[in-house]
Amino acid sequence: GAVVSQHPSWVICKSGTSVKIECRSLDFQATTMFWYRQFPKQSLMLMATSNEGSKATYEQGVEKDKFLINHASLTLSTLTVTSAHPEDSSFYICSARVTGGSNQPQHFGDGTRLSIL
Amino acid sequence: TQLLEQSPQFLSIQEGENLTVYCNSSSVFSSLQWYRQEPGEGPVLLVTVVTGGEVKKLKRLTFQFGDARKDSSLHITAAQPGDTGLYLCAGMNYGGSQGNLIFGKGTKLSVKP
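Chains A and B supply the protein sequences, listed in that same order. All residue numbers for the first sequence refer to this note's numbering, where the first residue is 1019 and numbers rise by one. All residue numbers for the second sequence refer to this note's numbering, where the first residue is 639 and numbers rise by one.
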């Protein structure tokens, strides 16, 4: 089956540090990838939609300069949390949609738990 | 803005009991997906329903899509401790510019032995 690899799975760093999270589709091409944020005991909240070769589309209230997204290839999207602060601590999850249209299935990574001290 | 109301948010039952989780919206969706998520992991797709009135079965799990494609339900028969987890419904509109999923708030199920 389709596999999405997310790395790292867990990161702890000091306030002010920038953190990069990678999302890779291992055995399929994904023109579109999605980045979600999930707080404890809550559902997934879409942060942004990442399209290969173009600028990401951010949801209302998500700072694009804070959460930098790069989708340089059909198998890799990265999310960089710049100058992270404790309030950025959360569980970040990516999903990758199989290239071929919006009705193609999305496959999720295992998430990255980010803890900012 | 499309919203999906999922209920109940929390459910604690004994092994062997049946349960139903509901997902409702005032909007029509092209498809609706159900996921299960374990702590510290990403959601795993259980099923996708596309046709109004569609019923799909996955062992003891029965999924139904409403005739108008605005609501869905997940029924678990004879729940087992291994069913414990967070169940999420998510709707999608194929015609949207991005085709992104809209998630419900989730149902945290706990099945006690």
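Built from N, CA and C at the ideal position, the CB exists for glycine as well. Computed from a predicted model, the values in this text were never measured in an experiment.
{"Item": "Would you list the residues sitting across from valine 682 of chain B in a DSSP beta bridge?", "Value": "B:Arg674"}
{"Item": "Which residue's Cα is closest to the Cα of glutamate 1138 of chain A: A:Ser1023, A:Ile1087 and A:Ser1043?", "Value": "This structure leaves residue 1138 of chain A out entirely; chain A is present only between 1019 and 1135."}
{"Item": "According to DSSP, simplified to helix, strand and coil, what is glutamate 1105 of chain A?", "Value": "helix"}
{"Item": "To which residues does DSSP link alanine 728 of chain B through a beta bridge?", "Value": "B:Gln671 and B:Phe741"}
{"Item": "Do the CB positions of leucine 1135 of chain A and lysine 1059 of chain A come within less than 8 Å of each other?", "Value": "no"}
{"Item": "Using only the alpha-carbon positions, how far apart do lysine 695 of chain B and histidine 1103 of chain A sit?", "Value": "45 Å"}
{"Item": "With a threshold of 8 Å between beta-carbons, can lysine 1082 of chain A be considered close to chain B, or not?", "Value": "no"}
{"Item": "Using the Cβ count rule (16 or more neighbours within 10 Å means buried), how would you classify glutamine 718 of chain B?", "Value": "exposed"}
{"Item": "For the ligand GDP, is there a heavy atom less than 7 Å away from the beta-carbon of glycine 1129 of chain A?", "Value": "No copy of the ligand GDP occurs in the structure displayed, which carries no ligand at all."}
{"Item": "Just reading off the beta strand (DSSP E) that leucine 642 of chain B is part of, what are its end residues?", "Value": "First-last for leucine 642 of chain B: undefined, no H or E at that position."}
{"Item": "Do three or more CB pairs link the stretch 1038-1048 of chain A to the stretch 1110-1127 of chain A at distances below 8 Å?", "Value": "yes"}
{"Item": "On the CB-based measure, 16 or more other CB atoms within 10 Å of its CB, does serine 665 of chain B come out buried or exposed?", "Value": "exposed"}
{"Item": "Smallest Cα separation from lysine 1084 of chain A: which of A:Met1051, A:Tyr1054, A:Met1065 and A:Val1099?", "Value": "A:Val1099"}
{"Item": "Counting along the chain, where does the beta strand (DSSP E) carrying asparagine 662 of chain B start and finish?", "Value": "657-662"}
{"Item": "Which residues bound the beta strand (DSSP E) around leucine 1086 of chain A?", "Value": "1085-1091"}
{"Item": "What would DSSP say about aspartate 709 of chain B, mapped onto helix, strand or coil?", "Value": "strand"}
{"Item": "DSSP puts methionine 1063 of chain A in a beta bridge; with which residues?", "Value": "A:Arg1055"}
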